[in-house]
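Written below as structure tokens is the structure these notes are about.
In this note's numbering, the protein residues as written are 1 to 279.
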């Protein structure tokens, strides 16, 4: 996946026109606070043993893991089994199929459009990387990383926080031997920023995630940086993608889903590690 999702280049002019209904639902129910909640309030530390183990630190670690899990479940949008409204609204359109495997850090959205198969691939790793980068910036400025601060949020309103940017690898394939387009883009603040568009004569080469395919792609011309294209050509490409559902609604959905999944995976990780320590 790393080979398909390239580093963010110079951004094109943003076209932030959000569709009203779904955009409002997504914005009102943003789960960014779930992904960031771990960096807001300090947790009390307890050394109360949960069981006798073979090590002297087992009980303390297990207790801390339990506290962290309880905190996350109480302060995140992922508590309970019910899906959030914004996710149900997205699914109700029956436009995209969500391929989300528990335990994986990758999410794949798929749909068909005429004789085209469209895939949007993104990762929750961008969420972790961005939070870590923000913490490093705070440390360099003499600030706090969040866990040992005074417990106050640095934002005026958590619900007003913009979603973290997420890189996307978009592939549009047609039946062989017609080839495929691959689009490197970034979803942020309800818009896609396109970085570059590549064309592959071999659609299999465009979609394979093997090391061999990655090696072959490195020797190919990947196309110009999208912002360097003629403005009118950029607009036509953007219209082409919007017609296929790669639009403002999707640009709002991708970061929210990445954050929501990241929070679920983090809670699962806490629970699994605690059970392992207790065993």
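Don't be surprised by glycine CBs; every beta carbon is placed ideally from N, CA and C.
These numbers come from a predicted model, not from an experiment.
For the stretch 223-235 against the stretch 188-196, do three or more pairs of beta-carbon atoms, one drawn from each stretch, fall closer than 8 angstroms, so that the two count as touching?
yes
Check whether the Cβ atoms of residue 113 and residue 187 sit closer than 9 angstroms, and answer yes or no.
no
Meets three-Cβ-pair contact criterion under 8 angstroms: the stretch 250-265 and the stretch 200-219:
no
I need the straight-line Cα distance from residue 167 to residue 190, nearest angstrom please.
13 angstroms
Which residue spans inside the stretch 89-127 form an unbroken beta strand (DSSP E) run of at least 3?
97-100, 106-113 and 116-123
Quick one, which of 206, 192 and 164 has its alpha-carbon nearest residue 180's?
206
Just to confirm before moving on: does the CB-CB distance between residue 172 and residue 117 stay below 9 angstroms?
yes
Using 10 angstroms around the beta-carbon of residue 272, count the other beta-carbons present and answer buried if the total reaches 16, otherwise exposed.
exposed
Can you tell me the Cα-Cα spacing of residue 62 and residue 270, whole angstroms?
10 angstroms
Compute the distance between the beta-carbons of residue 210 and residue 102, then report whether it is under 9 angstroms.
no
Alpha helix (DSSP H) segment containing residue 70, residue limits:
58-74
For residue 235, count neighbouring Cβ atoms within 10 angstroms of its own Cβ and tell me buried if that reaches 16, exposed if not.
exposed
Thinking residue 274 and residue 65 are a contact (beta carbons under 8 angstroms), I'd like their distance in whole angstroms, please.
4 angstroms
For residue 279 and residue 70, what's the separation of their Cα atoms in angstroms?
20 angstroms
From residue 185 to residue 229, what does the alpha carbon distance come to, in whole angstroms?
15 angstroms
CA-CA distance, residue 83 and residue 96?
17 angstroms
Assigned exposure category for residue 57 - 16 Cβ within 10 Å defines buried:
exposed
What is the rounded straight-line gap between the Cα of residue 87 and the Cα of residue 177?
36 angstroms
First and last residue of the uninterrupted alpha helix (DSSP H) at residue 268
248-278
How would you call residue 249, buried or exposed, if buried means at least 16 neighbouring beta carbons within 10 angstroms?
buried
Output the distance between the C-alpha atoms of residue 33 and residue 107, rounded to the nearest integer angstrom.
Note on residue 33: pLDDT 42, under 50, position unreliable in the model; the coordinate value appears next. Whole-angstrom Cα-Cα distance: 20 angstroms.
Use the C-beta contact count for residue 93: other C-beta atoms within 10 angstroms, 16 or more gives buried, fewer gives exposed.
exposed
So, are the CB atoms of residue 192 and residue 247 less than 9 angstroms apart?
yes
Short of 6 angstroms in beta carbon distance, which residues of its chain neighbour residue 159, apart from the five on each side in sequence? Order them along the chain.
Because residue 159 sits at a pLDDT of 46, beneath the cut-off of 50, its placement in the model cannot be relied upon, and the following sentence gives the value as read from the coordinates. There are no such residues.
At the level of alpha carbons, what is the spacing between residue 68 and residue 55?
21 angstroms
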